[in-house]
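Contents: one structure, followed by commentary.
Structure below.
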């Protein structure tokens, strides 16, 4: 999962969670406000009529009890109370359907009150006929009134502490008023005789204690204003009379066999009750209306809270979204900048720096990233990456210095060893010239010479791989045919090589040695990996990109993966670790290095004969038109051998392969071995102006018999066997001083060559 996706999810999840929480809170507040609205409507349409029904039932209960007990109750008063009750019942029954209430318990309570009110007419008829007992009639009214009070406890179902406490206090006030009204009904049952049954007296005593407890408790829960109003009622004269009568009844009653005889002070109860009951009813009704008003205010407050919550939450969500978007974009922008910078350094700057270090160039610190000292996480990562790059570059710099130092060291060793090998070749050539009349010895010397040439080529391989350059002694361009012949002469098994130079084109002098060495390495591989009797063909021809030289062998079959691996060696500079693992197969690395220097391309592929074909494409910039001049005349005699200078490290070898041109392919000697031309012969062949042959006779002392002329690719054995002209005695005109001068010149030349070699190496 991408980092952008993770950041987006990190922003979306809390935003959605916050939105869901706001929706839930808003919905809860909306639902609570809606329920409060319903409760207020139900309270106004059902609660107020229900309270008035309760008060009228209490009044009818008291007058019914008085009438049943034989008190002088006017019939008009009884009918008036019943009329008030009927009006209250009618108003109550016209209130909305109880199913509109939210609370199921409130619905059940109201239905129960309605069922009990249906028996009101029958109960009045029994009372008028005095069927049953007065207690049953009083208990009926008490049950209906208790049901109405219980309805109020189930009206308010909102989870609001203040409203719930206010509703609880209201129900307590109604219950306390009902207890006092029950006392009034019980005292009305005493009748003119002032007697109560023991059960009724016990109910009265319980009602007295309950009323005192309820009013004391309710006073503490009411608001201050309502507490003051209630205290005024509880401290009024009527309430004091009520308390006095209760105390007198409790303390001065007389127990008789038929019940309890009340004191005469009971007669003052009725007037006092009429006074404080009206005050209590007014207080209770005002408390009910205040509760409904508070509920309405609370509903409006909840609705306002919902609006504020939605507005504030929306603003907060927008702020959160803005902060999240800004943070995400900032983090992604910084990470993108870090990514682009690190990718550019990893893919462009660092490889370029490492490549320059490997080439031995100096790399300044400006090309590398620097720690900025930033304190945030992205900045610390960038600084850590900059330090890693610095450590990596420093390691590559040390490796490059060590590689360069080792290259210089190996180049020096290779140059010195190559100088010794060149001197060895010069000595071998001197021995050939001196003892060439012995065919067996000459053959051995030529074999030794060929091995020494191979040794020199291996030393030059070391010099090439170490980063050195092969000095080229050639001063003039060389024909392709001569170049192929020189490359073939570098190979030990040169007799198996067939040369085909199809175009008369020359190669410029500055690349002759490199190109000859490249071809020699490919020819050496071709001869070594081919069967001993198989031939190796090398041919050249001009193509659109330059000169194409193809070497074809009859070696074993090679897989496509192996060709891909070998071509990889031809086109990449290997580290020393790879060279160490392939110490016995360095030829392809050398070929690739030389090809890079020449700008040539070398490709190995399967040939039509099942072997391997190496195709070399030499750029046209290294080619020049062939000169039309003939070969320079050969000298009549060879000068005495002298040590070759250090820069002449690639003497030409002429392979034993006829080309059809007598001028190009002199006759081989008796042993069939190739001959390497002397340095003077190389320079004479490069010079197009003919030189005057030396006079017959010795070049050192005139008058001496002329030596036989040595021709390359020919043997002197036959001519040496011919009778020699008698050497005149005393014809050597060289004096000891002349010999000393010649030897001094030789030593000076040797020292000069060594001095130039040391300068080249430094």
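Numbering (the working numbering), first residue to last: 30 to 791.
We treat Cβ as the ideally placed atom computed from N, Cα and C, and that holds for glycine.
Could you tell me whether the Cβ atoms of residue 580 and residue 549 are closer together than 8 Å?
no
Beta-bridge partners of residue 641, as assigned by DSSP:
635
Report the CB separation of residue 82 from residue 135 in whole angstroms; it is logged as a contact under 8 Å.
Not quite, the Cβ-Cβ distance comes to about 15 Å (not below 8 Å), so this is no contact.
Given 8 Å as the limit, is there contact between the segment 364 to 381 and the segment 66 to 80, that is, 3 or more CB pairs closer than that?
no
Whole-Å CB distance - residue 288 paired with residue 218, under 8 Å assumed
That belief does not hold up - the Cβ atoms of residue 288 and residue 218 are roughly 11 Å apart, past 8 Å.
Rounded straight-line distance, which links the Cα of residue 196 to that of residue 313:
11 Å
Report the option in 594, 412, 417 and 623 whose CA atom is closest to the CA atom of residue 541.
623
Counted within 10 angstroms of its Cβ, other Cβ atoms place residue 92 as buried (16 or more) or exposed
buried
Thinking C-alpha only, which one of 245, 259, 326 and 508 is nearest residue 653?
508
For residue 346, the nearest candidate out of 32, 44 and 650 (CA to CA):
44
How far does the alpha helix (DSSP H) with residue 517 in it extend, from its first residue to its last?
509 to 518
Tell me whether the beta-carbon of residue 360 lies closer than 8 Å to the beta-carbon of residue 36.
yes
Residue 533: which of 506, 547, 244 and 633 sits nearest, CA to CA?
506
Go through the segment 90 to 125 residue by residue and report every complete run of the beta strand (DSSP E) that reaches 3 residues or more, in order.
none
Assigned exposure category for residue 333 - 16 Cβ within 10 Å defines buried:
exposed
Top-ranked residue by Cα proximity to residue 425, from 463, 380 and 437
380
Meets three-Cβ-pair contact criterion under 8 Å: the segment 320 to 330 and the segment 255 to 267:
no
Please report how far the alpha carbon of residue 395 lies from the alpha carbon of residue 431, in whole angstroms.
23 Å
Nearest-angstrom Cβ-Cβ length linking residue 454 and residue 481, presumed shorter than 8 Å
6 Å
Could you tell me which residues DSSP pairs with residue 224 in its beta bridges?
290
When the distance is taken between beta carbons, is residue 599 closer than 8 Å to residue 571?
no
Residue range of the unbroken alpha helix (DSSP H) whose run includes residue 285
Per DSSP, residue 285 belongs to no alpha helix (DSSP H); it is in the beta strand (DSSP E), 283 to 285.
What's the gap between the Cα of residue 569 and the Cα of residue 631?
14 Å
If we ignore side chains and look at the alpha-carbon of each, how far apart do residue 587 and residue 393 end up?
47 Å
Count the other C-beta atoms from every protein chain shown that fall within 10 angstroms of the C-beta of residue 475, then say buried if there are 16 or more, exposed otherwise.
buried
Could you tell me whether the segment 231 to 251 touches the segment 106 to 116, using the rule of 3 or more Cβ pairs below 8 Å?
no
Does DSSP put residue 380 in a helix, a strand or coil?
helix
Buried or exposed by the 16-neighbour rule on C-beta atoms within 10 Å, applied to residue 31
exposed
With H, G and I counted as helix, E and B as strand and the rest as coil, what does DSSP make of residue 528?
strand
If you follow the alpha helix (DSSP H) that residue 534 is in, where does it begin and where does it stop?
Here residue 534 belongs to no alpha helix (DSSP H); instead the beta strand (DSSP E) covers 534 to 536.
Which of helix, strand or coil DSSP assigns to residue 386
helix
Evaluate contact between the segment 199 to 214 and the segment 166 to 178, counting only Cβ atoms and requiring at least three cross-stretch pairs below 8 Å.
yes
Under a three-way DSSP split, which group does residue 575 fall into?
strand
Less than 7 Å between C-beta atoms, sequence neighbours within five positions excluded: which residues of the same chain meet that for residue 205?
240, 243, 244 and 247
Which two residues bound the contiguous alpha helix (DSSP H) that contains residue 619?
616 to 627
Thinking C-beta only, is residue 565 closer than 8 Å to residue 552?
yes
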